[in-house]
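Q: Have a look at this one.
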Amino acid sequence: MSLATESPSPSSPSSSSGSDDFAALLDAELELTSAADSASAGDPSAATDDDEEGGDEEEEEEDVVVVVEQEDAIVEQSSTKRRRVEDQHRHQAVVMKSDEDTVGSSEDVKIDECPPHPGFFGGLCYRCGKRQDEEDVPGVAFGYIHKGLRLGTTEIDRLRGADLKNLLRERKLVLILDLDHTLINSTKLFDLSAAENELGIQSAAKEVVPDRSLFTLETMQMLTKLRPFVRRFLKEASDMFEMYIYTMGDKAYAIEIAKLLDPDNVYFGSKVISNSDCTQRHQKGLDVVLGDESVAVILDDTEYVWQKHKENLILMERYHYFASSCRQFGFGARSLSETMQDERENDGALATILDVLERIHTIFFDPVIKRVRQEVLQGCKLVFTRVFPLHQRPQDQMLWKMAEQLGAVCCTDVDSTVTHVVALDLGTEKARWAVSNKKFLVHPRWIEAANFRWQRQQEEDFPVARPKEKGKENAADAPISKENGDKNAADAANAKKGNENVADAGSTKEGSKENADDAANSEEGSKENADDAANAEKSKYDGAASGATGS
Numbered sequence: 001m002s003l004a005t006e007s008p009s010p011s012s013p014s015s016s017s018g019s020d021d022f023a024a025l026l027d028a029e030l031e032l033t034s035a036a037d038s039a040s041a042g043d044p045s046a047a048t049d050d051d052e053e054g055g056d057e058e059e060e061e062e063d064v065v066v067v068v069e070q071e072d073a074i075v076e077q078s079s080t081k082r083r084r085v086e087d088q089h090r091h092q093a094v095v096m097k098s099d100e101d102t103v104g105s106s107e108d109v110k111i112d113e114c115p116p117h118p119g120f121f122g123g124l125c126y127r128c129g130k131r132q133d134e135e136d137v138p139g140v141a142f143g144y145i146h147k148g149l150r151l152g153t154t155e156i157d158r159l160r161g162a163d164l165k166n167l168l169r170e171r172k173l174v175l176i177l178d179l180d181h182t183l184i185n186s187t188k189l190f191d192l193s194a195a196e197n198e199l200g201i202q203s204a205a206k207e208v209v210p211d212r213s214l215f216t217l218e219t220m221q222m223l224t225k226l227r228p229f230v231r232r233f234l235k236e237a238s239d240m241f242e243m244y245i246y247t248m249g250d251k252a253y254a255i256e257i258a259k260l261l262d263p264d265n266v267y268f269g270s271k272v273i274s275n276s277d278c279t280q281r282h283q284k285g286l287d288v289v290l291g292d293e294s295v296a297v298i299l300d301d302t303e304y305v306w307q308k309h310k311e312n313l314i315l316m317e318r319y320h321y322f323a324s325s326c327r328q329f330g331f332g333a334r335s336l337s338e339t340m341q342d343e344r345e346n347d348g349a350l351a352t353i354l355d356v357l358e359r360i361h362t363i364f365f366d367p368v369i370k371r372v373r374q375e376v377l378q379g380c381k382l383v384f385t386r387v388f389p390l391h392q393r394p395q396d397q398m399l400w401k402m403a404e405q406l407g408a409v410c411c412t413d414v415d416s417t418v419t420h421v422v423a424l425d426l427g428t429e430k431a432r433w434a435v436s437n438k439k440f441l442v443h444p445r446w447i448e449a450a451n452f453r454w455q456r457q458q459e460e461d462f463p464v465a466r467p468k469e470k471g472k473e474n475a476a477d478a479p480i481s482k483e484n485g486d487k488n489a490a491d492a493a494n495a496k497k498g499n500e501n502v503a504d505a506g507s508t509k510e511g512s513k514e515n516a517d518d519a520a521n522s523e524e525g526s527k528e529n530a531d532d533a534a535n536a537e538k539s540k541y542d543g544a545a546s547g548a549t550g551s
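Heads up, the sequence shown is in the UniProt record's numbering, so the first residue is 1 and it goes up one at a time.
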């Protein structure tokens, strides 16, 4: 979390110049503190070498001279910065005084902003520039973010609220990670057992090999062993959590281990908390974490240091790699290092806990997604006009349901509580009501955009078009009428042609019938002629017979 992006800036128009000056002053104070830290840090390896070899008087005197010169430079630089602070305060007073007559009393604006002071940096309120008084002491020091930074409770709550909203939008929780016996195991070189020395563990720690897990901390005369699966654990956990390191070890030790775990500085950043940041002796607390307690998960091997936050704690199985760790907790068996063994990657403690964290993340965000979505259009009351089909219930329409899922209240009638009218054009009574009553008149795409972007969109970016003029509509309808007329004429011609074909078919049928009758009549006539011929033949035969008889 970046303090610079979250911290408020003075909002008084009359003091904008002073605000810019103080922002520059804050940057200068940050530079000063960084210079002091780097100068006072010195070269730890040189000090270690002096202790081991007994030291040399001349070298010691030279070191003293160098340190004194560095301290003198810091004091001189600090005095210069302090004079700049006082000059800035005087300049702010002049600006505020000169603007008082034209804009009004900026003193009232200042009172509205401070107190309460949001926080102090280097003894100065980073909003108004006032020096820290005794009554301004309440708050929490966040030295791990930057030395000399102290935040008030109101500002802490504000930052946590902003951080929570960002985390939920990114579908992340907060994960607090202990170091010793949780992610790593460390030992002093003089605590190595005879068996470990015989196995050449120190030499193995100095070998530079890919994906190595055993390291030497030369400046601290220590060995550190990374727990198996830790690199994959951090990589996959970072997709679900914003991660902090929180150890009861010293700050220098915590930073060195953070470099081993996160060499590219992509997981932790400045979120490395050590014993000097704790607000209660021998106790860890979420009061120094700028993450909301409701979304915090703690991984630690020691329960009693989290007396106030046991409900957030997942107790880890301790990682005992070195012999000194086994002795510390009273284990009589040989250590993993002495037996040249280690936890398994795939089913060790970290792999098991990663599965637990994945289930926590999934269960948590199932209902949370719905809650976050409902905040998008919260406080909006919508009325739809001519957006849905006439004979269908608006409550069953997708756009209505989408608006309700985004937290809006949808209704069918307008009243004074309506904030938005959703329409396709300005030609409806409800749309005109929205304009006359100065309500938001938006296109349906406004709801769709909010749904895609999970954020309420600017209403002016989704205007409603004016209705088309009647003359233009008639002109547009004319070609359609002509086309319909032509089509009807063509249909009539086709119908007429069809009737003619039917008539022809009837005539053909009737002609066929007449031909059949004629054929029958012809056949009957032929039959009659045949009968007549037969009768004539018979008469002729009968006449011949009669003549023969008469003869």
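C-beta: ideal position from N, C-alpha, C; glycine also.
Keep in mind that this is a model prediction, so the values were computed, not measured.
#1: How many Å lie between F190 and S325 at the Cα?
#2: Measure the CB-CB distance between I201 and Y244 and report whether it falls below 8 Å.
#3: In whole angstroms, give me the CA-to-CA distance for F121 and G269.
#4: As a quick exercise: from L168, F215, P138 and E170, pick the residue whose alpha carbon is nearest that of I184.
#5: Comparing alpha-carbon positions, which option in V464, G348, M340 and V368 lies nearest A204?
#6: Just to confirm, are G143 and T153 a CB contact at a threshold of 8 Å?
#7: Since A141 and R127 are thought to touch, with beta carbons under 8 Å apart, how far apart are those beta carbons, to the nearest angstrom?
#8: Go to Y253, then tell me how far its alpha helix (DSSP H) extends in each direction, as first and last residue.
#9: Could you check whether R456 and D425 sit closer than 8 Å to each other, using their CB atoms as the reference points?
#10: List the whole-angstrom C-beta distance separating I298 from W306, where the pair is believed to meet the contact cut-off of C-beta under 8 Å.
#11: Report, in whole angstroms, the separation of the C-beta atoms of L382 and N451, which I expect to be a contact under 8 Å.
#12: Mind checking L390: buried by the 16 CB within 10 Å criterion, or exposed?
#13: Whose C-alpha, out of F233, L124, T302 and L336, is nearest the C-alpha of I195?
#14: So, is R160 buried or exposed, given that buried needs 16 or more other C-beta atoms within 10 angstroms?
#15: In whole angstroms, what separates the C-alpha of K206 from that of K165?
#16: Return the chain-ordered list of same chain residues with a C-beta closer than 6 Å to the C-beta of W433, the five sequence neighbours on each side being excluded.
#17: Give me the Cα-Cα distance between G440 and A349, rounded to the nearest whole angstrom.
#18: For V372 versus A423, is the C-beta spacing smaller than 8 Å?
#19: Is the segment 242-257 touching the segment 357-368, taking contact as three or more C-beta pairs under 8 Å?
#20: Let me know the secondary structure DSSP gives C411 once reduced to three states.
#21: Identify the residues that DSSP records as bridge partners of H443: which are they?
#22: Taking the Cβ atom as the reference point for each residue, do E343 and R231 lie within a distance shorter than 8 Å?
#23: Provide the residue(s) that pair with V266 in DSSP beta bridges, ordered along the chain.
#24: Taking the runs of the alpha helix (DSSP H) that are 4 residues or longer, which of them lie wholly in the segment 320-358?
A: Well, looking at it:
#1: 13 Å
#2: no
#3: 20 Å
#4: F215
#5: M340
#6: no
#7: The Cβ separation is near 18 Å, so there is no contact.
#8: K251 to L261
#9: no
#10: 6 Å
#11: Contact flag wrong, Cβ pair sits at about 13 Å.
#12: exposed
#13: Before going on, a small fix: residue 195 reads as Ala here, not Ile. Minimum Cα distance to A195 is reached at L336.
#14: buried
#15: 45 Å
#16: V414
#17: The amino acid occupying residue 440 in the given sequence is Phe; Gly does not appear at that position. So the alpha carbons of these two residues sit roughly 56 Å apart.
#18: no
#19: no
#20: strand
#21: Per DSSP, none; premise fails for H443.
#22: no
#23: In the DSSP output, where bridge partners are listed per residue, V266 has none listed.
#24: 323-328
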